[in-house]
Amino acid sequence: MVDSRFMKACRREPVDATPVWLMRQAGRYMKEYRELRARVPFLELCKNPDLVTEVTVTAAERLGVDAAIIFADLLLIAEPLGFSLEYEKGEGPVVAPAIRQAADIDRLPDENDVNVEESLAYFLRAIRQTRASLSPDLPLIGFAGAPFTLASYLIEGGSSRHYVHTKSLMYRDAGAWRALMEHLARNLAVYVNAQVAAGVQAVQIFDTWIGCLSPADYREFVQPYTRLLMRSITPGVPVIHFGTGTAMLLEDMREAGGSIIGLDSHVELDQAWTRLGDGVGVQGNLDPAVLFADLAYIRQRVERILRQTAGRLGHIFNLGHGILPDTPFENVVELVKMVHELGCRAASD
Numbered sequence: 386m387v388d389s390r391f392m393k394a395c396r397r398e399p400v401d402a403t404p405v406w407l408m409r410q411a412g413r414y415m416k417e418y419r420e421l422r423a424r425v426p427f428l429e430l431c432k433n434p435d436l437v438t439e440v441t442v443t444a445a446e447r448l449g450v451d452a453a454i455i456f457a458d459l460l461l462i463a464e465p466l467g468f469s470l471e472y473e474k475g476e477g478p479v480v481a482p483a484i485r486q487a488a489d490i491d492r493l494p495d496e497n498d499v500n501v502e503e504s505l506a507y508f509l510r511a512i513r514q515t516r517a518s519l520s521p522d523l524p525l526i527g528f529a530g531a532p533f534t535l536a537s538y539l540i541e542g543g544s545s546r547h548y549v550h551t552k553s554l555m556y557r558d559a560g561a562w563r564a565l566m567e568h569l570a571r572n573l574a575v576y577v578n579a580q581v582a583a584g585v586q587a588v589q590i591f592d593t594w595i596g597c598l599s600p601a602d603y604r605e606f607v608q609p610y611t612r613l614l615m616r617s618i619t620p621g622v623p624v625i626h627f628g629t630g631t632a633m634l635l636e637d638m639r640e641a642g643g644s645i646i647g648l649d650s651h652v653e654l655d656q657a658w659t660r661l662g663d664g665v666g667v668q669g670n671l672d673p674a675v676l677f678a679d680l681a682y683i684r685q686r687v688e689r690i691l692r693q694t695a696g697r698l699g700h701i702f703n704l705g706h707g708i709l710p711d712t713p714f715e716n717v718v719e720l721v722k723m724v725h726e727l728g729c730r731a732a733s734d
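Rendered as structure tokens:
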């Protein structure tokens, strides 16, 4: 596994072909997943190790990707932190009670009272089972939300468009914000390291909502805590640092940490990599909507992204966000084949 394409790319070593995996590669675009979800609610699925293993392994094997990512939800960590988590049909996650003021932060459990091994035993068991069921040479990716993205869910009580409550607390009470973010960063580090101990070979840190902030606000209110998380992850484990709407934040994200910076679809890969500089890999960044086009056009876009790497080491092909629900399955399979074929040529050149 150490010599797999994915792990080599994470270390910015030469590969025989460009490695590829896809965000949400187990999802509603797959017939098997839709049939399963018709029988099992989402959160129940996430808490069933046997089903998590089935979904994760099936997606990786059917697509022929270079890494599997454990099937889970970004907010599983919310329950050990003292919040209830529900999914209302068509409405997304509901987290309660929401954090709105300093007194709400005081009710969070002490860090020593958050036992991830016990409270998330089902998830760690799923990782162990999935690792045992995957091909021995196929890496397994774990993941977690970054402190800001997790905080925004806990403060807003779910998804948001404008993050008014999150920003209000951030601007209004610096002490409360610092206490919350330090608390989340430390517990997220324990959570991520538990995944590593259970059997993942790499982790992706999702800062999904970070694009709502200006660069100055990111540096003041977010970067120190993301850096705290990154520096607390088990040494030697590749970390992919991904966010959306991050065109103006890339240099600051690199300073926060991560061996690979995940790019969304709103930047050109070559320009972004030039800005990031040497010593870091990049992941991405095909627009997920391109997969609705015909295969000839998909191939053109894959070729363009691979040309933009200009032979630099450390590229992992992915989408700029997750696979969309109605994406034609056969197009996803063909995408993986194209990346391997065209990426093999690029490696030989």
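The working numbering puts the sequence shown at residues 386 to 734.
Positions of the beta carbon are idealized from the N, C-alpha and C atoms, including for glycine.
- Only exposed fits Tyr556, as fewer than 16 other CB atoms lie within 10 angstroms of its CB.
- Residue range Phe427 to Cys431 is occupied by the alpha helix (DSSP H) that includes Glu429.
- Using a Cβ distance threshold of 7 Å, Ala487 and Ala561 count as a contacting pair.
- Only residues of its own chain outside the window of five on either side were considered, and among them Gly543 and Ser544 have a CB closer than 7 Å to the CB of Gly477, listed in chain order.
- Distance from Ile455 to Thr443 at the Cβ level is roughly 13 Å; contact not present, criterion being Cβ atoms closer than 8 Å.
- Per the coordinates, the alpha-carbon of Thr438 lies some 14 Å from the alpha-carbon of Pro524.
- In the three-state reduction of the DSSP assignment, His706 falls in the coil class, being assigned neither a helical nor a strand state.
- Spatial neighbours of Val675 in its own chain (CB-CB distance under 8 Å, excluding positions within 5 residues in sequence) are listed in chain order as Tyr682, Ile683 and Arg686.
- Taking a C-beta distance under 7 Å as the contact criterion, Ile590 and Ala394 do not qualify as a contact pair.
- Close CB contacts of Cys597 within its chain, under the 6 Å cut and outside five residues either way in sequence, are with Tyr548 (chain order).
- The closest CA to that of Asp458, considering only Phe528, Pro399 and Asp679, is found on Phe528.
- In this structure, DSSP gives Glu398 a state outside helix and strand, which the three-state scheme calls coil.
- Following the DSSP letters along the chain, one finds Gly560 in no beta strand (DSSP E) but inside the alpha helix (DSSP H) bounded by residues Ala559 to Ala583.
- Assignment of Gln586 by DSSP, reduced to helix, strand and coil, places it in the coil class.
- When the beta-carbon positions are compared, Ala531 and Thr631 stay at least 7 Å from each other.
- Taken through DSSP and simplified to helix, strand or coil, Leu554 comes out as helix.
- As DSSP reads the structure, Asp592 sits in a beta bridge with Gly628.
- For Val479, DSSP records a beta bridge to Glu471 and Gly543.
- Pairing Pro426 with Asn572, the inter-Cα distance amounts to about 27 Å.
- Per the Cβ contact rule, the stretch 655 to 673 is in contact with the stretch 700 to 717 (3 or more Cβ pairs under 8 Å).
- The beta strand (DSSP E) runs of length 3 or more contained entirely in the stretch 481 to 545 are, from start to end of the chain, 525 to 530.
- Cβ atoms of Asp558 and Arg604 stay farther apart than 8 Å, at about 19 Å.
- Under DSSP, the beta-bridge partners assigned to Gln668 are Gly647 and Ile701.
- In the DSSP assignment, Ile454 is bridged to Ile526.
- According to DSSP, Val405 shares a beta bridge with Phe702.
- Excluding five sequence positions before and after Met633, the CB atoms of its chain that fall closer than 8 Å to its own CB belong to Ser599 and Pro600, given in chain order.
- A contact is defined here as three or more CB-CB pairs under 8 Å, and the stretch 723 to 731 meets this definition with respect to the stretch 396 to 406.
- In this structure Gln656 is exposed. Its beta-carbon is surrounded by fewer than 16 other beta-carbon atoms within 10 angstroms.
- For the set Ala574, Ala582, Thr629 and Ile625, the Cα lying nearest the Cα of Leu614 is the one of Ala574.
- In this structure, the CA atom of Ala587 is about 22 Å from the CA atom of Asn500.
- Counting the other Cβ atoms within 10 Å of the Cβ of Met408 gives 16 or more, which makes it buried.
- From the listed residues Gly707, Ala695, His568 and Arg513, the smallest Cα separation to Ala582 is found for Arg513.
- Of the residues Glu496, Gln580, Val577 and Ile484, the one whose Cα lies closest to the Cα of Ser553 is Ile484.
- Between Thr593 and the set Gln580, Tyr538, Lys722 and Ile645, the nearest pair of CA atoms involves Tyr538.
- Val624 is positioned such that its CB atom lies no closer than 7 Å to that of Ser650.
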